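In full-length UniProt numbering, the protein residues as written are 1 to 1244.
Notes for the one structure printed next.
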């Protein structure tokens, strides 16, 4: 299991973090060495390459080259160019908070960078929130245009995939096509270029980040050299004239010689492994670190060189930072990769992308041809022969060729079988795509493959389990453990042939044979002194038992052991005694005292003790392969370094202390699911074996610090990797520190980046900066540093200093002032665009002043004590405003800190595909105005009165309308898509009412306004639709002056304020239905005036009919009760109120009764009068024929688009009260359920 030691947490860096104060007040901090771009041109590229080799590669220290912002194209390296040319490209942005990838377009990310930044500036401590969204657009492909632009100014030896550092037309240059001389012979700046294009790892990447994004502490992959240049960053004003936060990146870097100290500090103190790359160290952790930390605040134009294996981390600041980074592989980095980087990556299963062994082989092929070409030109003679013999470039190629050959020899020796073996490996041509199933490293030639479990995933697809020889020796394999097949990707005889050919070339270069001359491969094998890696694998294949994964047998089970029972048949409890056969196959470990299978044990060649590989790895830092490859291995007890409890008490023993901390790594999550660890459980830590007693001489950290100090004492110029021919005084040429300004603006003239004594001391000799306190808070911008306790003296001193300081004209200028012509032209054009846009938005003066760095100071004269009164005024409590989400907005699961979402994937609550979403039926709720003549909602007559002020009492009824997909209707009709109301079904209620009527149209025809479409439409309208006056629109008695406009306006979606509805025509979803109803309303209005006179006569006739109805019941004296009983027979939801039943002017009914009724009730009509809800007055009435049969209502004939005209229900029984039936008891307020629409009348 992983270590239980506490782990350091992630702590953000404040936005106002003062880098200068932090560096100057700590003893273990210093600025990164810095040179300018102009110095490279003045001193030459060759001198610069020597400086990089001495300072970065051998010295292991970072280096910054500034000034590239003056030569880079300012028009290309901008977010606008990236948005216009690659804005639609989809990339995976990394959410650093949730550790997830978000697919989105580049323009979508650039658009939201300001919002992502401002979330950390909203409040005082908003930046402390660790759960805020931190979206980092990292590891995206660099545009080809940017690559070409960079290639023009970056030194060729440092650029990506550099094939040759030779000068054009230099020694060894050959004639190219067109009669032009090519480049001279020189070593490649990036050995990745030696690989075929299809085998190269593309590592030229772009990194775009905002405030709060970061890269955790890590080392460059495969010990390569890192290059990082910032090409763009936000300033104070964006391209569109809006304010921005200035962008920069803070780098915390270390040197290569401190890498072991840094690794131990991360493991023992912080509780993280730097190889996993998942922890961003806190500022206080860097301050307390026992090693030197190099800090640089990277700005546009700063080019940073990162040494190999040097841990570092980056924090981005401001609205935007845009960087381009790549890695280079050299001969020096290949040595570190094979000896240190790859073994460390193999333990944590970090994949190898650079194919280091293949780079060695292909570079040897390339350099061999270059050396042959140079040899041929020298033998041909001529003027160039002597120049080539003295050429430094050619000597460098020959020197690198020898180093690469030594690495190639190590590779071949590790793959040699035992001398007496007769292996016949399977041949698989090399394509650089074979990787280990466990550690994911790239396999160059020989490996082991299991064919038994190849069909574990699927019976149709074969997936063999391929494992490298290093992992198999560590005990890593599939569950089969043995029965593997050898596979090789190169013919062994071809590799041997190349070895002998290149060995002959080395002898020819030296001109003689000495002790360093490589021997034949068999001779090298004899002098190796240990078993080869392939030989160890052969032995382990014979020792390890094969496990049938389809029928596994439990370990320790014995078939001949029978249970012992008593006289009653119960199994007796006996001691767990193992059989002799089991004991013969197992051995007790000297450390853990557990019995393990003998093939899992390491046996000493001098004694009979045995040790398990797990305890040897954790207690003695011994890998299993180191024990297996020894011909005669001696145990720790024989070497007098055993650290068991018994051996510690032995005075002859000197207990071994582990060199470092091992936290353990659970690699099952990364490796193939078929993988097992049969020798060592690498997920267990060694914390139990670490002892820090008082009598101990040194701890693990102290030992590593001492080794680091010894490495730093070595002079890089005397290193074997660097040979200085003439001038030894060049080792520190051209290096300077970043200039430092004090609080008064004085610059250090020494150029070493360290503030001098005069700058660090005040007038009376006291230091401005106190001794660094490890527990002090982080320095912030705007804080006063080094203030004295006496405020009066300090105030006078500051006032005096301020008076001495002269105002510099450049202080008001923009921080970035381009010097080249293209930069000035770009800045002038950008300022012109910003001013034009600001003029249109009435912000011209503000933007112009911001560009010049000026501001207007306004002085206000306030009376004494006014500010104090304002500050003491209690702050009113403001209710929290809940933002209303739009229907299509995604709910952020209650977290308002989620700002950026993917613009290329569907929302989490959306359908799976767009097609399913379009085809899915949509249901909407539409507001329906209340009909005063036919209402299904009970109303309390006592409570209904005048509306309360400020509280509109409009309709609150809604109706569900289900709409079909526009895509389906468009596909069926073949018509273009409509932009108005979606064509679909009407409401479910209307569909049920119109069920059975087949002639009712479901949509408007395209030429519905033309009169010849349905010539008999007027007659049909008279038969089907009665004229219904809308309550609350206008009084019935006085018609409007312009009835045409009045009715049209009310029906087309503009109801009056009395209805409490305020909707626009454009936002009305039923606008088409409103137009359809308008045609019927116009026709009805024409008939209103003609039937006005006839209405009064019909009203009187209705009154007479009512008295005739009453005459049918002679036994009743109460007319009101009789009317109530009669109306109770009608299946309505709401019983009419007595106060509302009054004779009014009745509108003419156009529909004629179709069903015969008794003569006594023929023509009988009843008035339903609605009360205006605002002024409690009677405003409209409706006359409904009680003999009229309910007919289907055409949706196109309604008056309004929001309401559905109601008619009297169907009469299901003869009118009148049957003889013997008692009077109806009102149900309002009783426990009996109410009757109405959708509920049948209760039958007694």
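In this text, a Cβ means the ideal position worked out from N, Cα and C, and glycines have one as well.
Only a predicted model underlies this, so the values are computations on that prediction, with no experimental measurement involved.
Is residue i helix, strand or coil by DSSP?
i            : result
residue 641  : coil
residue 64   : strand
residue 452  : coil
residue 108  : helix
residue 1075 : helix
residue 1199 : The pLDDT assigned to residue 1199 is 42, lower than 50, so where the model puts this residue is not dependable, and the model offers no usable value.
residue 612  : strand
residue 16   : coil
residue 6    : coil
residue 627  : helix
residue 384  : helix
residue 713  : coil
residue 101  : strand
residue 11   : coil
residue 276  : coil
residue 206  : strand
residue 323  : strand
residue 843  : coil
residue 1276 : Any property of residue 1276 remains undetermined from this structure, which presents the chain solely from 1 to 1244.
Using a 10 Å radius around the Cβ and a threshold of 16 neighbouring Cβ atoms, would you call residue i buried or exposed?
i           : result
residue 119 : buried
residue 607 : exposed
residue 724 : Caution applies to residue 724, whose pLDDT of 44 falls short of 50 and renders its modelled position unreliable; the value that the coordinates give is listed next. Answer is exposed; the Cβ neighbour count stays below 16.
residue 63  : buried
residue 543 : exposed
residue 191 : buried
residue 548 : exposed
residue 904 : exposed
residue 867 : exposed
residue 245 : buried
residue 44  : exposed
residue 527 : exposed
residue 505 : buried
residue 461 : exposed
residue 214 : buried
residue 262 : buried
Can you give me the Cβ contacts of residue i inside the same chain, cut-off strictly under 8 Å, excluding the 5 residues immediately before and after it?
i           : result
residue 691 : 657
residue 270 : 7, 8, 279, 281, 285
Looking only at C-alpha atoms, which of the options sits nearest to residue i?
i           : options            : result
residue 829 : 240, 588, 709      : 240
residue 415 : 164, 841, 374, 496 : 496
residue 382 : 172, 508, 250, 433 : 172
residue 169 : 634, 183, 161      : 183
residue 592 : 598, 584, 611, 164 : 611
residue 315 : 469, 374, 248, 838 : 248
residue 312 : 823, 225, 469      : 225
residue 648 : 231, 227, 689      : 689
residue 432 : 639, 491, 199, 517 : 199
residue 441 : 164, 101, 356, 179 : 356
Once the 5 residues before and after residue i are set aside, which same chain residues still bring their CB inside 7 Å of it?
i           : result
residue 680 : 474, 475, 613, 614, 617, 624
residue 596 : 586, 587, 589, 612
residue 417 : 423, 534, 535, 538
Within its chain, find whatever has a CB closer than 6 Å to the CB of residue i; leave out the 5 residues flanking it on each side and keep chain order.
i           : result
residue 662 : 685, 686
residue 259 : 309
| message | Extract the residue ranges of the alpha helix (DSSP H) inside the stretch 124 to 166, only unbroken runs of 4 or more that lie entirely within it. | response | Whole alpha helix (DSSP H) segments, 4+ residues: 144 to 151.
| query | Taking the runs of the alpha helix (DSSP H) that are 4 residues or longer, which of them lie wholly in the stretch 508 to 539? | reply | List check, alpha helix (DSSP H) in window: 521 to 526.
| request: Please list the segments of the alpha helix (DSSP H) lying wholly inside the stretch 278 to 338, counting only runs of 4 or more residues, in order along the chain. | output: Fully enclosed alpha helix (DSSP H) runs of 4 or longer: 283 to 287, 331 to 336.
| field | Complete runs of the alpha helix (DSSP H) confined to the stretch 242 to 277 [at least 4 residues] | value | If we require 4 residues or more, the alpha helix (DSSP H) runs fully inside the stretch 242 to 277 come out as 259 to 265.
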